[in-house]
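Asks: Residue 145 in the working numbering is what sits at position 142 of the sequence shown, and the numbering runs on without skipping anything. Backbone N, C-alpha and C define an ideal beta-carbon position, used for all residues, glycine too. Predicted model, so just to flag it, every value in this text is computed and none were measured. Let me give you the structure first, and then I'll get to my questions.
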Amino acid sequence: MKSIISLVFLSITMGFFSCKKDKKVEPDEETSNPSSINYPNYSNLKVGNYWIYQRFEKDTLGNETPLSIIDSCYIEKDTNINGKTYFKYVSPNFGNSVSPNTVTPYVSEYYRDSLSYMITNYGRIEFSSQDFTTIFKTGYQIVNTNDTVCRYEYKMGDHNISVTTPLGTFNTSSFKEIYYMYPNYNIVGSVRTRRVKYAENVGKVVQEWYFFVNNSTRWERRLIRYHLN
């Protein structure tokens, strides 16, 4: 089983089991007055908005290779789920078990803004413009019933960091996934990260792909143009 894991590091939500219950923190709207505060808009969840990205490959020496793959992501519609309005975000799959070097099928996710947070219809926090202290989710990735790959935690990080894409330079904050690799799986690092970088009044600017356990090469998609209604 270890040989399979060495080929690709799968998504948190696909293909692994956790040996402890995940800790998830969801904003409590009932005890707050969201109308009294205007939070910065990093999500730009509105029907018709779209973002176009180009994929890049990065090696350990810092060399970057632009790939010919262009990803179009857009808000298709809004919909009611459990009495709340969510926006359907459609994008080419950029993670899980798919290859970062090939054109990938489209997948759909449902998001809404809740106070300073962007959350999914499953209650998973994807971003916060204000909360840089809470660990939103923790857990372990385990294979073969008792072989621990890593411990992970999700939180915000890299507040107000400049990021450059083919479109220009943006001031961003990142939703950050941190993986503390166990000895059998730390061949290219004991701590590894994956980030999704957002800019205010823009949306996702850079999205990193899930990494390979035995390969330090990384992939990401970078914003090349966008349209907001």
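Roughly how many whole angstroms lie between the Cα atoms of P108 and P95?
Replies: 5 angstroms
Asks: What do you get for D62, buried or exposed, if any count of 16 or more other CB atoms within 10 angstroms of its CB means buried?
Replies: exposed
Asks: Please identify the residue among R224, S165 and R228 whose C-alpha is closest to the C-alpha of T105.
Replies: R224
Asks: Which class does S131 belong to by DSSP, given the choice of helix, strand or coil?
Replies: Three-state result, S131: strand.
Asks: Go through its chain and collect everything with a Cβ distance to T168's Cβ below 8 angstroms, but skip five positions before and after it.
Replies: V208, V209, R225, L226 and I227
Asks: Grab the span of the beta strand (DSSP E) containing D161 for me, first residue to last.
Replies: D150 to T168
Asks: If I follow the unbroken beta strand (DSSP E) through P69, where does it start and stop?
Replies: Residues E67 to I84.
Asks: Return the residue from the list D134, S132, N124 and C153 that minimises the CA-CA distance to T141.
Replies: C153
Asks: Take every Cβ of the region 49-58, pair it with every Cβ of the region 119-132, and state whether three or more of those distances are shorter than 8 angstroms.
Replies: Under the Cβ criterion (8 angstroms, minimum of three pairs), the region 49-58 does not count as touching the region 119-132.
Asks: What residue range is occupied by the uninterrupted beta strand (DSSP E) comprising G51?
Replies: No beta strand (DSSP E) contains G51, which DSSP labels as neither H nor E.
Asks: So, helix, strand or coil for P186, using DSSP?
Replies: When secondary structure is reduced to three states using DSSP, P186 falls in the helix class.
Asks: Spell out the partners DSSP gives T88 in its beta bridges.
Replies: N83
Asks: Roughly how many angstroms separate the alpha carbons of F178 and Y188, rounded to a whole number?
Replies: 24 angstroms
Asks: Write down the C-beta distance between F90 and I72 rounded to the nearest angstrom, noting that I regard them as a contact closer than 8 angstroms.
Replies: Contact flag wrong, Cβ pair sits at about 25 angstroms.
Asks: How about Y114 and S46: are their beta carbons less than 8 angstroms apart?
Replies: yes
Asks: If the criterion is Cβ atoms closer than 8 angstroms, does the pair E211 and R221 meet it?
Replies: Yes, the Cβ-Cβ distance between E211 and R221 is below 8 angstroms.
Asks: According to DSSP, what are the bridge partners of N204?
Replies: DSSP, once it has assigned bridges, lists no residue as partnering N204.
Asks: Output the distance between the C-alpha atoms of G86 and S111, rounded to the nearest integer angstrom.
Replies: 20 angstroms
Asks: When you compare only the Cα positions, how much space is there between T34 and T172?
Replies: Any answer about T34 is weak, because its pLDDT of 48 lies below 50 and its placement is not dependable; what the coordinates show is given next. In a straight line, the C-alpha of T34 is about 38 angstroms away from that of T172.
Asks: T175 and K158 - do their beta-carbons sit closer together than 8 angstroms?
Replies: no
Asks: State the Cα-Cα distance for the pair S131 and A202, rounded to the nearest angstrom.
Replies: 12 angstroms
Asks: May I ask which residues mark the beginning and end of the beta strand (DSSP E) holding L231?
Replies: Unbroken run through L231: none, as it is neither H nor E.
Asks: Please confirm whether G98 and Y182 have their CB atoms less than 8 angstroms apart.
Replies: no
Asks: Taking just the CA atoms, how far does S39 sit from H230?
Replies: 29 angstroms
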